[in-house]
Every structure is written in structure tokens, then in C-alpha cells.
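Residue numbering for the sequence shown follows numbering that gives the first Met the number 0, beginning at 0 and increasing consecutively.
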Amino acid sequence: MDRIEKAYKKLSEEGLKTTEPRRVLLEFLDKESNKHLSCDEIYERISKDYPHIGVATVYRNIQLFEDLNIVSKLTLDDGIGRYEFSNLDENTHQHHHLVCVKCNKLFEVKEDLLGNLEEEIEREHDFNIIDHDLKFYGYCKECMKQEKK
Ligand SMILES: [Zn+2]
Ligand SMILES: [Zn+2]
Ligand SMILES: [Zn+2]
């Protein structure tokens with residue numbers, strides 16, 4: 000089952016219908032998840048192909064997806080919520096994020112890299128780790144280049 004199907008399942012478990020805006024939003028988020036877009040940006044892009052889907056509908060449904068843990072919100076210093084698909088796969092852990100403190104861009108680190116640390120924590124604390132949420136703060140390549148000029 001892919002993550003869109005898992006999202007549909009979550010909606011139906013809540014007795015919610017898969018309306019057109021929900022379907023459009025989920026398909027869009029599935030494709031553009033790694034861009035970490037805000038509600039306004041999602042609305043802007045969706046409305047090009049679906050002009051009848053209003054901004055309030057986008058906000059309402061993104062909020063609903065967040066409540067159902069279908070999407071995750073990332074908030075940076077600028078206070079703007081950015082959205083991506085939640086990690087709905089029990090067998091893998093969430094990717095890490097690199098946050099540039101200058102331009103507020105987000106980058107993904109796909110590799111888990113925490114295997115040894117997780118094992119150690121589980122052993123030391125008698126704790127079963129199922130996932131994590133990790134942000135690294137710093138300067139991106141572009142901002143470092145600018146700094147040198
Ligand atoms: Zn991990
Ligand atoms: Zn930057
Ligand atoms: Zn991400």
C-alpha cells in the first residue's frame with residue numbers, strides 16, 4: 000500500500016469522504032513532498048490546474064491532514080508552516096532535515112545514519128525507538144558562497 004492509499008484509509012476510518020480537493024491535494028503532496036511547501040504555495044500551484052479549489056479549502060484540508068497525521072508540519076524561524084507527507088511506513092524512519100538559518104531553505108537527508116545511536120539508546124534506556132524527528136541548523140551551500148563574496 001503506498002502512502003496515498005494509506006492516507007485514503009485514514010480518511011475512511013474517520014468516516015471522511017475522499018472529495019476531489021482531498022484527492023488533488025494528496026496527489027500533489029505525494030509528488031511535491033520534498034519541496035516542503037507552505038499552504039499558500041500549495042494553493043498557488045494547485046489553483047493553476049484546479050482554479051475552482053479555493054484557498055480556504057486548501058487550508059482546511061491541510062489542517063485536517065495534519066490532525067490525522069497524514070502530513071507533518073515543519074515550522075522554522077519565519078513562523079511559516081511547511082508541509083510534507085508524514086512517514087507512514089512503519090519499516091523506515093523519518094528523514095532528517097537540514098535547515099539553513101539564513102535563507103530558511105530545507106534540505107533532506109535520506110540516509111538514517113542513526114542506527115548505532117538508536118541501538119545504544121534502546122539498550123541504555125530500555126526504550127523501543129519507532130521514529131525520530133531531527134533538524135540540523137546551519138548554512139547552505141549557496142549562503143556560504145554569498146558569505147565569501
Ligand atoms: Zn532511525
Ligand atoms: Zn541558505
Ligand atoms: Zn522532509
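Yeah, the Cβ is synthetic: ideal placement off N, Cα and C, and Gly gets one too.
The model shown is predicted, which means the values in this text are computed figures rather than measured ones.
Buried/exposed call for residue i, threshold 16 Cβ in 10 Å
| i | result |
| --- | --- |
| T56 | buried |
| I128 | exposed |
| S11 | exposed |
Nearest residue (CA-CA) to residue i, options the options
| i | options | result |
| --- | --- | --- |
| L113 | K101, T17 and D132 | D132 |
| R21 | M0, K104, I45 and H94 | I45 |
| H92 | V98, C99, L67 and V108 | V108 |
| N90 | Q145, D130 and D48 | D130 |
First and last residue of the uninterrupted beta strand (DSSP E) at residue i
| i | result |
| --- | --- |
| F135 | K134 to G137 |
| H94 | Unbroken run through H94: none, as it is neither H nor E. |
| V108 | L105 to V108 |
Beta-bridge pairing of residue i - partner residues as DSSP gives them
| i | result |
| --- | --- |
| Y82 | L36 and K72 |
| C99 | G137 |
First through last residue of the alpha helix (DSSP H) which encompasses residue i
| i | result |
| --- | --- |
| C142 | K140 to K147 |
| I129 | No alpha helix (DSSP H) holds I129; DSSP gives it neither H nor E. |
Original post:
Among all residues, which have a Cβ less than 5 Å from at least one non-hydrogen atom of ligand 3, and in what chain order do they fall?
Top reply: Residues with a Cβ closer than 5 Å to any heavy atom of ligand 3, in chain order: E83 and E107.
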